[in-house]
Every structure is written in C-alpha cells, then in structure tokens.
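What follows is a set of notes on a single structure, which appears directly below.
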Amino acid sequence: MSDQAIGTPEPCSTKLLGGRVICRQPKKGFRVAIDPVLLAAMVPAIDGERVLDVGTGTAAAALCLAARVPMVRVDGIERQTPIAALARDSVVDNAFQDRVRIFTADILKPPADMTTGAYDHVMANPPYIKAGTGRPPPDLAKAAATVEGPAALGDWITFCAHSVRDGGTINIVHRADRLDDVIEEFANLNDRGVLIGAIVVLSLAPKAGTSPKRVLVQARKGSREAFSTLPEFILHNSDGAFTIAAERILRDAEPLVLSVA
Numbered sequence: 003m004s005d006q007a008i009g010t011p012e013p014c015s016t017k018l019l020g021g022r023v024i025c026r027q028p029k030k031g032f033r034v035a036i037d038p039v040l041l042a043a044m045v046p047a048i049d050g051e052r053v054l055d056v057g058t059g060t061a062a063a064a065l066c067l068a069a070r071v072p073m074v075r076v077d078g079i080e081r082q083t084p085i086a087a088l089a090r091d092s093v094v095d096n097a098f099q100d101r102v103r104i105f106t107a108d109i110l111k112p113p114a115d116m117t118t119g120a121y122d123h124v125m126a127n128p129p130y131i132k133a134g135t136g137r138p139p140p141d142l143a144k145a146a147a148t149v150e151g152p153a154a155l156g157d158w159i160t161f162c163a164h165s166v167r168d169g170g171t172i173n174i175v176h177r178a179d180r181l182d183d184v185i186e187e188f189a190n191l192n193d194r195g196v197l198i199g200a201i202v203v204l205s206l207a208p209k210a211g212t213s214p215k216r217v218l219v220q221a222r223k224g225s226r227e228a229f230s231t232l233p234e235f236i237l238h239n240s241d242g243a244f245t246i247a248a249e250r251i252l253r254d255a256e257p258l259v260l261s262v263a
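Quick note: the sequence shown uses our numbering, first residue 3, plus one each step.
What follows is the structure in structure tokens.
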C-alpha cells in the first residue's frame with residue numbers, strides 16, 4: 003500500500019497522560035487508543051537509556067515514555083510517511099526534539115542508525131490482524147496499522163530482538179487471541195540461537211469477569227529465566243469508569259511494572 007494511496011490526513015490533537023502529552027492524529031480513521039499508553043508504561047526504562055518504538059504510528063507510546071522518564075531517548079520507526087509526519091509534529095509540540103526521533107522506514111529495510119543491539123529496550127504494537135484474515139478497515143491508514151502487510155508478526159519480533167542489547171527487554175502489546183503466536187515467535191528465535199527468556203504475560207480484561215482483549219508481553223534478550231503469568235489487570239469498573247489502578251497509569255503516568263516478585 004503506497005503513501006500516495008493513503009494520502010495526507012486532516013489532523014487533530016488529543017491529550018494523553020492527564021494532559022502531559024499532546025499527540026497529533028488523523029481526524030478520521032487512525033485514532034489513538036489506550037494500547038500505546040499501556041505499552042509505554044510497561045517499558046522499564048531509566049534516565050539515559052535508549053528505547054526503540056517499532057511501528058510508532060503517531061508516536062503516542064514514544065511521547066508517553068518520554069514524558070514519564072525525563073532523560074530517556076526514544077527512536078520511532080514508521081513506514082507510513084503521512085503518519086510519521088504527524089508524529090514529528092507531535093515531537094515538536096511536546097518539545098521533545100532533543101530526545102525523540104522519528105524515522106520513516108520499513109522494518110524490513112531499517113535505517114542504518116538502527117544497528118543491531120543499539121537499544122536498551124524495544125517496544126512494539128504490531129498489527130493485530132493476520133494478512134488475508136478478517137475484513138480490513140475501510141480507512142487505508144488504519145488498515146495499514148492494524149492488518150499485517152509484507153512484514154508478518156515474526157518479522158516484527160525478529161526485528162525487535164535484533165535491535166535490543168543483551169539483557170534488554172522486548173515489550174509487546176497484542177490481541178489476547180494472538181498470545182500463542184507471540185510466544186511461538188519468541189520460541190522460534192531461541193531455535194535460531196537468539197536467546198529469549200524471562201517472558202512475563204499480563205492479560206488486560208475490560209471488566210472483572212470478562213475475557214481479556216489485550217495482552218502485554220515482556221521478554222528479556224539473553225535470559226534463561228522461566229515463563230510467568232501475572233494476575234489479570236482490570237481496566238474498567240462495572241460502571242464503565244477506569245479502575246483506580248488503570249487511572250494511575252493512564253492519567254497519572256505511573257509505570258506498569260511487570261514483575262513476579
């Protein structure tokens with residue numbers, strides 16, 4: 003799908019993290035949800051570290067992480083030129099030019115700056131829908147973001163693994179019904195000699211008693227630690243309002259620590 007086909011979207015802005023972040027996005031179609039905010043919250047980055055946001059889109063996750071960790075440096079890679087342009091505008095809006103960079107490139111042909119093992123942590127919100135399955139959204143930009151293109155899930159996770167240093171973390175948000183696919187791709191990396199361990203899974207349930215719709219998966223490169231699963235994280239109360247725990251992350255910019263301790 004070409005950028006010419008997608009076209010330049012009419013922009014609007016939304017506020018994230020209780021107004022700490024301003025994020026530009028298309029007025030129609032491609033909209034920021036809570037997934038990138040939760041993704042940014044789970045990354046255990048500290049001041050001075052480098053983080054790569056794979057498929058950054060409008061840079062919502064990159065901006066949220068930069069807002070939460072004042073001295074972190076974030077690079078984002080996005081293949082849709084019009085969406086990457088919005089992301090760069092948001093970087094300026096938030097005065098993050100000295101810490102956040104947006105690259106327009108495909109993960110199958112990454113820029114030279116993104117060398118193997120260059121990052122302390124990598125985060126990604128891959129397209130949720132397998133190519134050739136389901137019905138893609140009519141909006142072309144949204145379809146490009148939500149339906150796998152030439153790069154399948156395995157390509158995304160392989161790119162993440164090669165970009166992060168030994169001891170660094172890979173952080174993924176995906177649909178709950180594709181958790182097995184994510185774990186399988188990590189296993190495939192191990193089979194190819196890229197050691198991935200300490201995998202932690204946190205399922206996100208819309209309300210108590212409902213089935214999870216999303217999962218957060220964190221893994222560590224070079225680790226032999228065992229797989230673990232955390233208790234479900236409940237996003238909403240019965241009245242539809244966010245739970246206190248969710249509010250602390252989505253509004254107050256608190257981290258979401260994936261720890262079995």
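Note that beta-carbon positions come from the ideal geometry of N, C-alpha and C, so glycine has one too.
Extent of the continuous beta strand (DSSP E) run through residue i
{"i": "residue 105", "result": "102-106"}
{"i": "residue 122", "result": "121-126"}
{"i": "residue 246", "result": "No beta strand (DSSP E) holds residue 246; the alpha helix (DSSP H) holding it covers 246-252."}
{"i": "residue 200", "result": "198-209"}
{"i": "residue 236", "result": "235-238"}
Helix, strand or coil at residue i according to DSSP, with G and I counted as helix
{"i": "residue 190", "result": "helix"}
{"i": "residue 226", "result": "coil"}
{"i": "residue 12", "result": "coil"}
{"i": "residue 3", "result": "Confidence at residue 3 is low in this model, with a pLDDT of 41, below 50, so the placement of that residue should be treated as unreliable; the coordinate-derived value is given next. Reduced to three states, the DSSP call for residue 3 is coil."}
{"i": "residue 78", "result": "strand"}
{"i": "residue 118", "result": "coil"}
{"i": "residue 60", "result": "coil"}
{"i": "residue 161", "result": "helix"}
{"i": "residue 133", "result": "coil"}
{"i": "residue 71", "result": "coil"}
{"i": "residue 212", "result": "coil"}
{"i": "residue 257", "result": "coil"}
{"i": "residue 304", "result": "Because the chain in this structure spans residues 3 to 263, residue 304 falls outside the shown range and cannot be described."}
{"i": "residue 17", "result": "strand"}
{"i": "residue 54", "result": "strand"}
{"i": "residue 218", "result": "strand"}
{"i": "residue 153", "result": "coil"}
Host alpha helix (DSSP H) of residue i (start-end)
{"i": "residue 84", "result": "83-95"}
{"i": "residue 167", "result": "Element bounds for residue 167: not the alpha helix (DSSP H) but the beta strand (DSSP E), 166-177."}
Cβ-Cβ separation, residue j to residue i (assumed contact under 8 Å), whole Å
{"i": "residue 47", "j": "residue 89", "result": "Their Cβ separation, rounded to whole angstroms, is 19 Å, which puts residue 47 and residue 89 out of contact at 8 Å."}
{"i": "residue 123", "j": "residue 202", "result": "Their Cβ separation, rounded to whole angstroms, is 14 Å, which puts residue 123 and residue 202 out of contact at 8 Å."}
{"i": "residue 209", "j": "residue 178", "result": "Actually they do not touch by this definition, with Cβ atoms about 14 Å apart."}
{"i": "residue 183", "j": "residue 155", "result": "6 Å"}
Every unbroken alpha helix (DSSP H) inside the region 23-47 [4 residues or more]: 37-44
Please confirm if the region 187-196 is in contact with the region 79-96, defined as three or more CB-CB distances below 8 Å between the two stretches. no
Taking one C-beta from the region 212-231 and one from the region 49-58 each time, how about it: are there three or more such pairs within less than 8 Å? no
Taking 8 Å as the threshold, find out whether the region 61-70 comes into contact with the region 247-261 through three or more Cβ pairs. yes
Pairing CB atoms from the region 110-124 with CB atoms from the region 155-168, are three or more of them under 8 Å? yes
Tell me whether the region 22-35 and the region 235-246 touch, counting them as touching only if at least three CB pairs, one residue from each stretch, are closer than 8 Å. no
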